[in-house]
Amino acid sequence: MSSTVCPRLSPAGSATSRLLVGFRKWYYNACGFNKLGLMRDDTINEDSDVKEAIRRLPEQVYNDRMFRLKRALDLSMKQQILPKDQWTKYEEDVYYLEPYLEEVIHERKEKEEWAKN
Amino acid sequence: MAFILETLFTHTECFSQRRCYAAARRSEALTEPLVSKLPSGLLVASLENYSPVSKIGLFVKAGSRFETAENLGVTHILRLASNLTTKGASAFRICQGLEAAGASLSVTSSREHMVYSLDCLRDDFDGVIEYLINVTTAPDFRPWELSDLQPRVRIDKAVADQSPQIGVLEKLHEAAYKNALSNSLYCPDHMLGKISVDHLQQFFANNYTSARMALVGLGVSHAALKQVGEQFFSTRAGAGAAGAKAVYRGGELRVQSGGGLVHALLACEGAAAGSAEANAFSVLQRLLGAGPHIKRGSNITSKLSQGIAKATAQPFDATAFSATYSDSGLFGVYVISQADSAREVINAAMAQVTAVAEGRLTADDLTRAKTQLKTDYLMSLESSEALLEELGVQVLSSGAYSSPQSVIQNIDSVTSGDLVKSQASRFSSKILRLCSEDE
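Line order of the protein sequences matches chains A and B.
Using full-length UniProt numbering, the first residue of the first sequence is number 1, and each one after it goes up by one.
Using full-length UniProt numbering, the first residue of the second sequence is number 1, and each one after it goes up by one.
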């Protein structure tokens, strides 16, 4: 569910943007990971860039991530989901890994660019 | 004899045939260092030596004396953190950019100053100066880069532990001063891993302000350096936190480490840099003996060596030790001896010092010491690193540069009366301190 898929062209409050937000919310809930109490960045595929970004997380954020993953693994083992009031809401989802990941990718690209010349 | 005469004649013949005309000397004015103070408080000094290589140094009053009890060791980390990511360039870019230009950036820190020096080809000045600017004005202390720095801190400390000389000097300052100058250049054990981003940012904000910096260049034009200073180094206003005045206290510190050699440093309070007595102490240091002038020689001119040689037949080494800081100084003797002859050696060394204090020195000794001091000073200015350091430290501490000629004159004006007076006032207060280390 990336924010780059549908760039917001119309000003906030107009009919199209409300439609987009509605679609996004529906898609977010349809994905289903929020029922296990996860955030979007908890589910990201761990390649080498992501691993480095996770290494750079501040301690508190990292601990929260580990807790959510543990809880989700436990629930999936028991074939259960959280009660509805504990599902992660669309508005509460924080893309905590994104700034670190961008930085890591930028650094890697810089190294590759330098190696080319 | 006949052979030599013959060769002389052949040489003169040779000259008349070759007609060597010496080129008339074009009188090029030897350049003097230019010093200017910018409105922000930044001092800019440069010396145009027409060299193809430029050497730029940024001197900051951010040595280990400005550490407080909460952030001991922060200067050690800052010293190692100079190549980390900055707001303008990543660590990778700094390293590769400097290497691509063949330049080098190094950091040295003393108890008073932090010195960032950049060497590059003269033509590359514009491209490479941005790295110095980034490192000294806009570092981005990233927590993960700092934690990656911990092994380097440990290696530094391990290397320093191997050298007893460094250990004795650190312990000397620890014992001699109550605050400020007693801080070690290395991160203390209890602070390893505890220096956080906040510590670094706070120290940086307090000490890296324009009024505490001096931008010095060799082989650059003064105008170019001033422009860089105005544009980039004048953004951080404020005088920063004033350092505490160093308070001298006597004391004794012994470190047992097992082994056959004793390193002992006995010192008393000396003179602050730039004061009239500082020159007297330097001359005194040369008088007593400050290192051999001939390798593996018998150190005839050193009074200490000669005095101690009469007291013991075992190997030893002794030099007079002198250190000057902006508000204080240390002067004494550093003696290395075998463990069982330590007592005789140290007594003999102190006997020599008291002999000079009582005025038992000849005029020859005094002139010799003065000549040695002058030569050492002038020889050191021949190398560009020492010249840059001398220029930077002088400009930062006094705001102006005194030429070698005036320094030489000051040295010449030291009389034996000065020496006796300075000695008497210090040694009579009997604050002696001994740091010995059984190696």
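Note that beta-carbon positions come from the ideal geometry of N, C-alpha and C, so glycine has one too.
Run through DSSP, which three-state label would residue i get?
{"i": "residue 319 of chain B", "result": "strand"}
{"i": "residue 254 of chain B", "result": "strand"}
{"i": "residue 98 of chain A", "result": "helix"}
{"i": "residue 77 of chain A", "result": "helix"}
{"i": "residue 228 of chain B", "result": "helix"}
{"i": "residue 336 of chain B", "result": "strand"}
{"i": "residue 281 of chain B", "result": "helix"}
{"i": "residue 36 of chain B", "result": "strand"}
{"i": "residue 193 of chain B", "result": "coil"}
{"i": "residue 233 of chain B", "result": "coil"}
{"i": "residue 293 of chain B", "result": "coil"}
{"i": "residue 307 of chain B", "result": "helix"}
{"i": "residue 244 of chain B", "result": "coil"}
{"i": "residue 288 of chain B", "result": "helix"}
{"i": "residue 267 of chain B", "result": "strand"}
{"i": "residue 216 of chain B", "result": "strand"}
{"i": "residue 42 of chain B", "result": "coil"}
{"i": "residue 110 of chain A", "result": "helix"}
Could you say which of the options lies nearest to residue i if we only look at CA atoms?
{"i": "residue 182 of chain B", "options": "B:168, B:91, B:129", "result": "B:168"}
{"i": "residue 120 of chain B", "options": "B:105, B:151, B:109", "result": "B:105"}
{"i": "residue 356 of chain B", "options": "B:407, B:237, B:280", "result": "B:280"}
{"i": "residue 262 of chain B", "options": "B:339, B:270, B:377", "result": "B:339"}
{"i": "residue 420 of chain B", "options": "B:360, B:252, B:389", "result": "B:360"}
{"i": "residue 246 of chain B", "options": "B:223, B:233, B:270, B:151", "result": "B:270"}
{"i": "residue 344 of chain B", "options": "B:370, B:367, B:118, B:314", "result": "B:314"}
{"i": "residue 176 of chain B", "options": "B:166, B:248, B:237", "result": "B:248"}
{"i": "residue 111 of chain A", "options": "B:112, B:124, B:94, B:115", "result": "B:94"}
{"i": "residue 131 of chain B", "options": "B:47, B:114, B:97", "result": "B:97"}
{"i": "residue 62 of chain B", "options": "B:116, B:383, B:153", "result": "B:116"}
{"i": "residue 304 of chain B", "options": "B:348, B:231, B:296", "result": "B:348"}
{"i": "residue 233 of chain B", "options": "B:285, B:195, B:138, B:199", "result": "B:138"}
{"i": "residue 320 of chain B", "options": "B:342, B:266, B:364", "result": "B:266"}
{"i": "residue 101 of chain B", "options": "B:227, B:54, B:282, B:108", "result": "B:54"}
{"i": "residue 57 of chain B", "options": "B:81, B:86, B:135", "result": "B:135"}
{"i": "residue 58 of chain A", "options": "B:330, B:386, B:197", "result": "B:197"}
{"i": "residue 29 of chain A", "options": "A:90, A:94, A:98, A:99", "result": "A:90"}
{"i": "residue 84 of chain A", "options": "A:21, A:33, A:42", "result": "A:33"}
{"i": "residue 150 of chain B", "options": "B:50, B:82, B:165, B:195", "result": "B:195"}
{"i": "residue 286 of chain B", "options": "B:189, B:364, B:187", "result": "B:364"}
{"i": "residue 133 of chain B", "options": "B:148, B:166, B:214, B:179", "result": "B:214"}
{"i": "residue 227 of chain B", "options": "B:376, B:40, B:203", "result": "B:40"}
{"i": "residue 388 of chain B", "options": "B:326, B:216, B:157", "result": "B:216"}
{"i": "residue 31 of chain B", "options": "B:358, B:414, B:49, B:416", "result": "B:49"}
Excluding the 5 residues flanking residue i on each side, which residues of the same chain have their C-beta closer than 6 angstroms to its C-beta?
{"i": "residue 26 of chain A", "result": "none"}
{"i": "residue 240 of chain B", "result": "206, 207, 209, 212"}
{"i": "residue 64 of chain B", "result": "75, 111, 183, 185"}
{"i": "residue 52 of chain A", "result": "104"}
{"i": "residue 80 of chain B", "result": "149, 152"}
{"i": "residue 77 of chain B", "result": "195"}
Whose C-beta lies closer than 7 angstroms to the C-beta of residue i among residues of the same chain, with five residues either side of it excluded?
{"i": "residue 201 of chain B", "result": "141"}
{"i": "residue 35 of chain A", "result": "81, 82, 87"}
{"i": "residue 49 of chain A", "result": "101, 104, 105, 108"}
{"i": "residue 72 of chain A", "result": "36, 37, 38"}
{"i": "residue 95 of chain A", "result": "40, 41"}
{"i": "residue 291 of chain B", "result": "319"}
{"i": "residue 103 of chain B", "result": "118, 119, 120, 124, 128"}
Excluding the 5 residues preceding and the 5 following residue i in the sequence, name in chain order all residues of the same chain whose CB lies nearer than 8 angstroms to its CB.
{"i": "residue 52 of chain B", "result": "121, 122, 219"}
{"i": "residue 301 of chain B", "result": "289, 293, 368, 372"}
{"i": "residue 401 of chain B", "result": "33, 35, 45, 391, 394, 395"}
{"i": "residue 328 of chain B", "result": "177, 181, 246, 248, 269, 270, 272"}
{"i": "residue 278 of chain B", "result": "270, 271, 272, 324, 329"}
{"i": "residue 26 of chain B", "result": "Reliability fails at residue 26 of chain B, whose pLDDT of 49 lies under 50, so the model's placement of it is uncertain and the value that follows must be treated cautiously. No residues qualify anywhere along the chain."}
Inset, instruction - Could you tell me which uninterrupted alpha helix (DSSP H) segments, each at least 4 residues in length, are contained entirely in the UniProt domain "Peptidase M16 N-terminal" (44-189) of chain B, listed from first to last along the chain? - result: The qualifying runs are 74-80, 91-100, 125-137, 143-148, 150-162, 164-176.
Inset, instruction - Just list the alpha helix (DSSP H) runs in the segment 346-423 of chain B, keeping only unbroken ones of 4 residues or longer that don't cross its boundaries, in chain order. - result: Segments of the alpha helix (DSSP H) lying fully in the segment 346-423 of chain B: 363-380, 384-398, 404-412.
Inset, instruction - Could you please tell me which residues of the segment 82-109 of chain B, in chain order, have their CB closer than 8 angstroms to any CB of chain A? - result: Against chain A - using a Cβ distance shorter than 8 angstroms - the residues of the segment 82-109 of chain B are 90, 92, 93, 96.
Legend entry - Contained alpha helix (DSSP H) runs [length at least 4] in the segment 16-82 of chain A, N- to C-terminal order: The segment 16-82 of chain A contains, as complete alpha helix (DSSP H) runs of 4+ residues, the segments 48-55, 59-77 (chain order).
Inset, instruction - May I ask you to list, following chain order, the residues of the segment 130-143 of chain B that have a beta carbon less than 9 angstroms from some beta carbon of chain A? - result: For the segment 130-143 of chain B, the residues whose beta carbon sits under 9 angstroms from a beta carbon of chain A are, in order, 142, 143.
Inset, instruction - Using a Cβ-Cβ cut-off of less than 8 angstroms, give me the residues of the segment 32-55 of chain A that come near chain B, in sequence order. - result: Flagged, chain order: 55.
Inset, instruction - Select from the segment 74-96 of chain A all residues with a C-beta closer than 8 angstroms to any C-beta belonging to chain B, and list them in chain order. - result: Close to chain B, meaning a Cβ-Cβ distance shorter than 8 angstroms, is no residue of the segment 74-96 of chain A at all.
Legend entry - Residues within the segment 101-112 of chain A neighbouring chain B, beta-carbon criterion of under 7 angstroms: Here the close residues are 107, 110, 111.
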